[in-house]
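Chains as they are written, first to last, in this note's numbering: chain Y, -10 to 602; chain S, 4 to 412; chain A, 1078 to 1428. This report refers to the structure that appears directly beneath it.
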Ligand SMILES: Cc1ncc(C[n+]2csc(CCOP(=O)(O)OP(=O)(O)O)c2C)c(N)n1
Ligand code: SF4
Ligand code: SF4
Ligand code: SF4
Ligand SMILES: [Mg+2]
């Protein structure tokens, strides 16, 4: 029909499925096949807190220009779930396409007339070939991938290769899958014509890798030298530990004895998890836990202990929608304040804010150096969007000359040489004292660790000035942290501007795309991506250098902005918040519209309703 | 009639009748006489090389005085070993400090002389041997005799208490050393009505003993005069007063000092050797004196135990730095001593054994090692231990109207 | 309490152990607990046990939660690293410390509030994981540090100092530990060091989760009549099933025990536990029987003490996790970082 979208290497396909139907791996294969054709994709799972039966979506943005954020809108809906049919159909862009299982005849009213409807009788094809119900279910997914490949111009050989890789060594399975794939393709070839949406081979992927942030962070922990991991299952952090377990099983087994050079304990709760981490950190091991908001809430007493008794710990917080159980399978950046200030009394903790899986790896490793160096809890703040979705990201890099920075630790020899050891003594003026590992020396260096006030020699004291000195030193240490936290990244606008924007984490790709959209409308902004907390002076210099600085984040209460205002001398009025918190990843369209409106320009396109589910 | 003899009567100390004594008599002096001559100003110099024979405090006085009267090469030669010497340790230290060597295990054999002038002393070298009963005897070591040249000898061996003027047939018995036999409690000799005290009774001690013995003898004399049994004496009195001030504060200084003895500051050696009348010890200044006083173990403060209060919580046992408290089944003393938390090393020191406690056990405390630190009482939740100052009230002889008995206090 | 430091002066016969340390060398800072608190006696027993065991103080790590009892690690083993963690959470910290360095000896000290009330979960899980540790609960039936509220081990029907009766059932940590699979379970009394010190010594030498419930009267808040954790009550109701002698490895067993009176158990480290039976037919290696016996005796109001159960073949959490014998803390970058070439392969797999 006329008015149909004609887009090459720049469209959004959304799969609407039923949780537990085995669609995830087929959908992921679909995304990967586009990648293998040299065309970047950004794919996101939108799934319920449920094991089977509830609706789940998978959104693939085919983006030749490499915009990895969520765009918003759907150009092709693969509608496989009758339960969400109506809203799925409603979500399709005008001129877009609907792909559905046409086995069952549906009334006219179920469709829209401004879209192209493509029906493939998937169930019928399946039922003709397979008799086992589970096979019918699984191969139906592969059949639609085959059909889509034919409709969108995806090279079938690419998918065949992917299948061969996935089922390497299981020839029978490969064959069965390839057969199913061909069934879909052949049906389209015989009965239908290609759509206006087309994938064309390109060279825009480069050497980038395609990986989930949780795996990347777990691999970071392996490279960061973590040996002890304690955890309690919670979405969306569980796969961090699953990946860590897998990587350890591969890379951390002693070749001679077959024994493990790591210890992973599934604790009884998050309190025990962080307790185990702190115990291990106290004793000299690198230890971490992975959790999400509810876990952080439970851990706060221990985090305060780590702060005050100065014990290294790493927490990977894969943020999800709060408060309370909130939206357990949706994304948000809403733990910033609870992590930054976790614990009663005056406490604050360094945080690392990765933008993508590449940085999850980097910061996942760095966090251990920092926590040893700063002798405190360091947070790596992932979110569900980065953590549980595969992202196209720069390949992991490792400098083999890099060694584990264990920070200020007194060895047997140091103690033997007669240095004056005071566990909480600031010898170097950077607020960081020396520590000893238990058992290091028969007669020197032992001390009693406690969360109670004590003097520089770790002896209990509730004298006012002793307490104040110690608290001031902790502040000095936090100052020192500023120089160790990765510096913010500045994107200067090509045109000089007095307007800026600050953002972080998974907002990054959408933000970058939004900047382009805004620039095309003549709205120029300098952009600063903060990469950690505490904020270095560059953040405040940036704010000072602009009249207005938008702070874009994915929570209701402008938590990053609160931290910025709280930690520096900034007039809050200068920092208009741009907030997105419906649980779906923020989109370029949303940011551009928000900032565009506030800067007085017409939005490039009216905002589409977010996340119809 | 009663007679109380207390004067320190002495016949100048013993002489040494060895070969050469007569020939060299001009340069052989009896130490104690020589010292008094010095003290009275009759003697003001001595030869360059001096040998002092003897190991008591008189010998120490002799050698150090010699150093002040021109003796440059002064030595002390003693029969016994260094440890067994009768001189007080600090006197020995002081002598050594004044460059006076002390040669032990040497028994003088003869004086050598030439032309009627002393030239030196020959010594036999001996060694200590112990018989089955552990008694020490000095036996020749077999080494060749030694000869030490000298200009003067001071003989400071064993002073004798002798009572040449007491006739030996008056019912007053003397021992083999020529000392009267005296009852240690009553100070009465074997002849009723004759009492001895001070040096005259048991040989040289110090003035404190002399005063105490005087008191006791006075009681005896009083009773004797009243025609009463001297052995039937009123015991001394005492009082105990709690020292508790607050929950962990005591009205005595209970913090045990870990300091070793402080040395009394001394005058510079060069200076003090020039003048026999100069005091060598300068005495403590207030600060040092205080620090030394802190070392006092407060023997006058006693741990007093009250059985009914004790809940047997072990707190006192756990805190006692010297492990002197034990809760155990009751038993005979010897058996009890074998079951203490720390062995009792001095059997002559009493154990404090409580009455039976609630569990049937007893509390046993070895008083020997107690530091009087009061920690047991501080840790005791019920006040079963208390630190109480003990004041001894001696029995004084006082004539009582009418009665004639001795009054205590 | 006392504020003066305990004098360094000691009994002249105080003798060093094989390592050259005297018992006094195992002491810590001076206790700040109430005079007569049972917890101080347990500290003294720990000191005795470590001395007897010839334990190098720096090879032991002492951990505790919060409470009067949890303060005590400051008062013994001054040369050991210690960690006073948060209320009820010592077990997890100890577990982490143990995972990090399996070569140290771990001593956890806790209170009944710390372990049976707020920390019951962590207590249970550390035990069921088989963490190699000695876990002592200084059980006084009250929260001492917060001034005498009932804890979860207060017996039903027992009375507070103010005369209020406790209507809640008591948690018996010993039964719980047995049920949870602790491989060394004992109960003792702070007022019976002769029983307690050898138990601690044996527990420290035990490989696996060793638990000692030590009744420890709170003289301040729970030593009145009507209390079931008072000195008097425990003394009256104490039923010891056995007396323990620990014979160091290598030391020949010289004592000839009359047959049937003594059971010997050889522990993992070679030390021998000689258990002199006080209760006929009590077999400390039979877990089910121990649980039954305890239940029967407890029903009669008795406080059963002694070494109640020991599994000399016990294994620990490191065995289950199959960790390397080198402490994880001792592993460096070479052991832990797969390096850039491995990373290149991982990258390739992710394209
Ligand atoms: C999270 C938390 N809640 C409450 C407290 C207050 N608190 C300190 S000690 C204690 C009870 C300790 O009881 P127990 O473990 O039996 O020790 P005890 O003092 O009797 O030896 C409580 C409730 C705390 N420190 N932390
Ligand atoms: S006073 Fe000191 S040394 Fe004497 S028994 Fe008491 S605690 Fe021990
Ligand atoms: S501290 Fe007091 S109550 Fe406790 S055992 Fe000693 S004397 Fe008895
Ligand atoms: S309150 Fe009770 S438990 Fe706490 S120190 Fe005092 S006696 Fe001990
Ligand atoms: Mg308690």
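Glycine included, C-beta positions come from ideal geometry on N, C-alpha and C. The structure presented is a predicted model; accordingly, all values stated were derived computationally and were not measured.
Along the stretch 381 to 397 of chain S, where does the CB come closer than 9 Å to a CB of chain A? Name the residues. 381, 382, 383, 384, 385
Measure from the C-beta of residue 1198/A to each C-beta in chain Y and report whether the shortest distance is under 9 Å. yes
Closest Cβ-Cβ distance between residue -10/Y and chain A: below 9 Å? Note that residue -10/Y scores 48 on pLDDT, short of 50, meaning its location in the model is unreliable and no value can be drawn from it.
Near residue 1127/A, what residues of its chain come up, given a Cβ to Cβ distance below 6 Å and the 5 sequence neighbours on each side ignored? 1103
Cβ-based neighbour list, residue 1343/A, same chain, cut-off 8 Å, excluding 5 preceding and 5 following: 1349, 1350, 1389
Within chain Y, partners of residue 1181/A - CB distance below 8 Å: 272, 427, 428
Taking Cβ-Cβ distances shorter than 8 Å, what residues in chain S pair up with residue 1089/A? 348, 372
Mind listing the chain A neighbours of residue 211/Y? Cutoff is C-beta to C-beta under 9 Å, in chain order. 1413, 1414, 1415
Best match in 222/S, 97/S, 172/S for proximity to residue 401/S [C-alpha to C-alpha]: 222/S
Interface residues of chain Y facing residue 1170/A [CB-CB closer than 8 Å]: 264, 265, 267, 268, 271
Cβ-based neighbour list, residue 3/S, same chain, cut-off 7 Å, excluding 5 preceding and 5 following: No information on residue 3/S is available, as it lies outside the stretch 4 to 412 that chain S covers here.
For the stretch 1379 to 1408 of chain A, which residues have a beta carbon sitting closer than 9 Å to at least one beta carbon of chain Y? 1394, 1395, 1398, 1399, 1400, 1401, 1402, 1403, 1404, 1405, 1406, 1407, 1408
Host alpha helix (DSSP H) of residue 322/S (start-end): 318 to 322
Using the beta-carbon of each residue, which ones in chain A are nearer than 8 Å to residue 387/Y? 1414, 1416, 1417, 1420
Examine ligand 1 and report whether any of its heavy atoms sits within less than 8 Å of the Cβ of residue 1291/A. no
Can you determine whether any heavy atom of ligand 3 sits closer than 8 Å to the C-beta of residue 384/S, and answer yes or no? yes
Looking at the structure shown, is residue 171/Y part of a helix, part of a strand, or coil, going by DSSP? helix
What residues from chain S crowd round residue 1080/A, counting only those whose CB sits closer than 8 Å? 251
Which chain S residues are close to residue 1111/A, counting only those with a beta carbon under 8 Å from its beta carbon? 384
Using 10 angstroms around the beta-carbon of residue 457/Y, count the other beta-carbons present and answer buried if the total reaches 16, otherwise exposed. exposed
By alpha-carbon positions, which one of 157/Y, 569/Y, 269/Y, 65/Y ends up nearest to residue 186/Y? 65/Y
Over what stretch of residues does the beta strand (DSSP E) that includes residue 1211/A continue unbroken? 1210 to 1216
Count the other CB atoms within 10 Å of the CB of residue 348/Y; is the residue buried (16 or more) or exposed (fewer)? buried
Can you pull the DSSP bridge partners for residue 375/Y? Bridge partners of residue 375/Y: none, in fact.
Apart from the five residues on each side of it in sequence, which residues of its chain come closer than 7 Å, Cβ to Cβ, to residue 248/S? 254
Enumerate, from N- to C-terminal direction, the unbroken alpha helix (DSSP H) stretches of 4 or more residues contained entirely within the stretch 17 to 75 of chain S. 34 to 42, 60 to 71
9 Å Cβ cutoff, residue 98/S in contact with chain A: no
Can you tell me where the alpha helix (DSSP H) with residue 336/S in it begins and where it stops? 336 to 340
Compile a chain-ordered list of the residues in the stretch 310 to 335 of chain S whose CB is closer than 8 Å to at least one CB of chain A. 314, 315, 316, 317, 318, 320, 321, 322, 324, 325, 326, 327
For ligand 4, any of its heavy atoms closer than 8 Å to the Cβ of residue 1116/A? yes
is_contact[residue 1129/A, chain S] using C-beta, thresh 9 Å: no
Length at least 4, wholly inside the stretch 360 to 394 of chain S: the alpha helix (DSSP H) runs in chain order: 378 to 382
Cutoff 9 Å: residue 1270/A Cβ touching any chain S Cβ: yes
Check whether the Cβ atoms of residue 515/Y and residue 535/Y sit closer than 9 Å, and answer yes or no. yes
For residue 218/Y, report the span of its beta strand (DSSP E) as first-last. 217 to 220
Can you list, in chain order, the residues of its chain with a C-beta nearer than 6 Å to that of residue 602/Y? Leave out the 5 residues immediately preceding and following it. Any answer about residue 602/Y is weak, because its pLDDT of 37 lies below 50 and its placement is not dependable; what the coordinates show is given next. Hits under 6 Å: none found.
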